[in-house]
Every structure is written in C-alpha cells, then in structure tokens.
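Q:
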Amino acid sequence: MHPSPVTRAFFRWKARLRWSRHHWLDGFRAPPAVLGCPLCGSIHPSADYAVKLSQCIFGGGPLLRHVCPDCDLIFGTQRMLRMSESDLAREYRELYATYEEGDSTESEIASFRLLGLRPGGRYLNYGCGRWSRSIPTLRAEGYDVVGYEPFSHEGALPEYIVTNESVVGAQRFDGILTHNILEHVQDPVAFTKQLGSWLKPGGRLVHATPCYDYAFDFTRFHVVFFPGRSAEVLAARCGMTLGPLEVPVTGQLARVFNGA
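Our numbering numbers the first residue of the sequence shown as 1171 and each following residue consecutively.
1. I'd like to confirm the pairing. Which residues does DSSP put opposite residue 1220 in its beta bridges?
2. Let me make sure I understand the geometry here. Which of 1180, 1202, 1282, 1355 has the alpha-carbon closest to that of residue 1264?
3. Buried or exposed: residue 1204, going by 16 or more other Cβ atoms within 10 Å of its Cβ?
4. Using 10 angstroms around the beta-carbon of residue 1189, count the other beta-carbons present and answer buried if the total reaches 16, otherwise exposed.
5. Kindly indicate which residue of 1425, 1262, 1388 has the alpha-carbon position closest to the one of residue 1399.
6. May I have the straight-line CA-CA distance separating residue 1316 from residue 1294, to the nearest angstrom?
7. Return the chain-ordered ranges of every beta strand (DSSP E) run that is complete within the region 1277–1337 and spans a minimum of 3 residues.
8. From this set, 1377, 1376, 1396, which residue's C-alpha is nearest residue 1384's C-alpha?
9. Extract the residue ranges of the beta strand (DSSP E) inside the region 1337–1379, only unbroken runs of 3 or more that lie entirely within it.
10. Going straight from the alpha carbon of residue 1351 to that of residue 1201, what length do you get?
11. Hey, how far is the Cα of residue 1430 from the Cα of residue 1238?
12. Should residue 1213 be labelled buried (16 or more other beta-carbon atoms within 10 Å of its own) or exposed?
13. When DSSP labels each residue in this structure, what does residue 1386 get in the three-state scheme?
14. Ordered along the chain, which non-local residues of its own chain (more than five positions away) have a Cβ less than 7 Å from that of residue 1402?
15. Which of the three DSSP states is assigned to residue 1271 in this structure?
16. Hey, would you say residue 1251 sits closer than 9 Å to residue 1320, going by beta carbons?
17. Where does residue 1430 sit, in a helix, a strand or coil, going by DSSP?
18. Could you give the first and the last residue of the continuous beta strand (DSSP E) run that contains residue 1175?
19. DSSP puts residue 1425 in a beta bridge; with which residues?
20. To the nearest angstrom, report how far apart residue 1223 and residue 1245 are at their CA atoms.
21. Comparing C-alpha positions only, which one of 1311, 1335, 1359 sits nearest to residue 1296?
22. Grouping DSSP H, G and I as helix and E and B as strand, with all else coil, what is residue 1412?
23. Return the Cβ separation of residue 1302 and residue 1275 in integer angstroms, given the expectation that the two are a contact with Cβ distance under 8 Å.
24. Who pairs with residue 1243 in a beta bridge, going by DSSP?
25. Measuring only the C-alpha atoms, how far is residue 1305 from residue 1178?
26. Which one or two residues does DSSP pair with residue 1226 in a beta bridge?
27. Would you list the one or two residues that DSSP bridges to residue 1205?
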C-alpha cells in the first residue's frame, strides 16, 4: 500500500525537525580533532582530510563528508556513521514512509548475471526490497534465487524473501548480490566479510552501486563512496580478489569480489 500524501508530509516534517535540531546542537560542539577511516582504519587530524559538501534532499540538511588520504574512501556524515542500530532503523522506516525506489529490475538482473548464474546454484539478493521483480524473473528462468530484506516488513512477503538474517546466515550460497546497498553500510569491511562467510568455496559477491564514483551524494543515507583505491582496499581487507569495474546497465557500476 502506498503512503498517503498526508503520511508522506508528516514523516518528512519529522525528519526535517529532528535534523534541524541535530545541526543546531552540533553548532555548540567542537568538531573532532581527529578522524578515523571506516575502511582502512587510518587516523589523521581532521584538517588533513579533503572535504565534500552537499545537501540532503530527504530533510537531513547539510552533509559533510571526508576523503581518506590513504585509501581514497569518501565517508560521512559522522552522525550517520555513528548512529545506533535502533536509530538507523527509525531513519529507514521514515524514509520508506515517504519514498519508494524506482524499478531496478533491469539493473539487478544484469548485475546478478555477473555472478555467473548456473542451474543448481543458490543465490542471494541481500537487501532486495519489495519493489523489484528480479527475483521472481530469475526464479522463472530456473535459478534458485532468494532475497533478504531487513527493513521493508509491512504486509505479506513472498516465501522466497526472508526478514530474519539468521535464516540466511545459516545457508551457503554460490553467489550473493548487493544492489545499491554498499553505500549505506557503516562498516563496509565487517559487512563484506560477513557476506563472504556465507559463500561456498569459490563463490562470488557482487557489490553493485553507482557509488564507486562520488555519485548520488544528495542523501544522508549514503555514508561511504569507493573511488580510486578504495574498492581494492576493501577486497584486500576481506581476503578477496577484485574483478574489474563493470557497467551492467547505463548509470550503474559493479565489482565482483571473488571468495576464497
């Protein structure tokens, strides 16, 4: 069921009010003297980082991000990176009450094929949402594809989509796709290691996101961007090997992370 205009307006107002208060309070606090990179772990004085400035179109106000001088990762805002799991879940619930993703079926299917789909293999779409038709399309082609979606719980879900991470974590997959997920992750190393542990020997993980460039910077929900050396650093820190940059469809980028 689509949210009503009144519901959308209410949640947008709540977000603007909350984030206006955050920024007002931050004005009374000294900025951190040092910052640590959430990818490579290097720590430098804050003044040593180049900065990127933009504005959140979802009521989050100004966005300040930093560029790691050691691995090229662009990260921030600091408040979103530090946010607790419960507060972050609230942010996403409010986002889903006001915004719906476009149809990403074509991009997801093209990205899935980078996994080298084969009959008899088992594949996971991590963070699949409820708006794409990629899973039923690929299942109709004979591929064993399932989905995991932690946030979009309202209403009945198909039997091939689960919301309990322990259920998917107990399984092993020939390939895993994240589609427009990696840029949202507070700890990309821990996240990628976790997904890698769910792969069968020789399995593949595809992180598909336009944020291998500094793109779609207009939302506070995008907290990490992977230009330059950063994707190679992510693969190395996770004990994986990295494939070349792929363009599954116009406007989307993807990298294959090969498991052990």
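We treat Cβ as the ideally placed atom computed from N, Cα and C, and that holds for glycine.
Bear in mind that the values here come from a model prediction, so they are computed numbers and not experimental data.
A: Result, derived from the coordinates:
1. DSSP lists 1237 as partners of residue 1220.
2. Of the listed residues, the one whose Cα sits closest to residue 1264 is 1180.
3. Its Cβ having fewer than 16 others within 10 Å, residue 1204 is exposed.
4. Classification for residue 1189: buried.
5. Nearest C-alpha to residue 1399 among 1425, 1262, 1388: 1425.
6. When rounded, the distance between both Cα atoms is 5 Å.
7. Listed in chain order, they are 1292–1296, 1314–1318.
8. Looking from the CA of residue 1384, the closest CA among 1377, 1376, 1396 belongs to 1396.
9. The region 1337–1379 contains these whole beta strand (DSSP E) runs: 1343–1349, 1369–1378.
10. When rounded, the separation of the alpha-carbon atoms in residue 1351 and residue 1201 is 29 Å.
11. C-alpha separation (whole angstroms): 28 Å.
12. Its Cβ having fewer than 16 others within 10 Å, residue 1213 is exposed.
13. If DSSP states are grouped into helix, strand and coil, residue 1386 belongs with coil.
14. Closer than 7 Å at Cβ, skipping near neighbours: 1412.
15. The answer is coil: DSSP assigns residue 1271 none of H, G, I, E or B.
16. In this structure, residue 1320 does not lie closer than 9 Å to residue 1251 by Cβ.
17. Correct three-state label for residue 1430: coil.
18. Element bounds for residue 1175: not the beta strand (DSSP E) but the alpha helix (DSSP H), 1175–1196.
19. DSSP lists 1377 as partners of residue 1425.
20. Cα to Cα, the separation comes out at about 11 Å.
21. Closest in alpha carbon position to residue 1296, among 1311, 1335, 1359, is 1335.
22. Taken through DSSP and simplified to helix, strand or coil, residue 1412 comes out as strand.
23. The Cβ separation is near 5 Å, so the contact holds.
24. Its beta-bridge partners do not exist; DSSP assigns none.
25. Spanning the two alpha carbons is a distance of roughly 28 Å.
26. Beta-bridge pairing links residue 1226 to 1231.
27. DSSP lists 1214 as partners of residue 1205.
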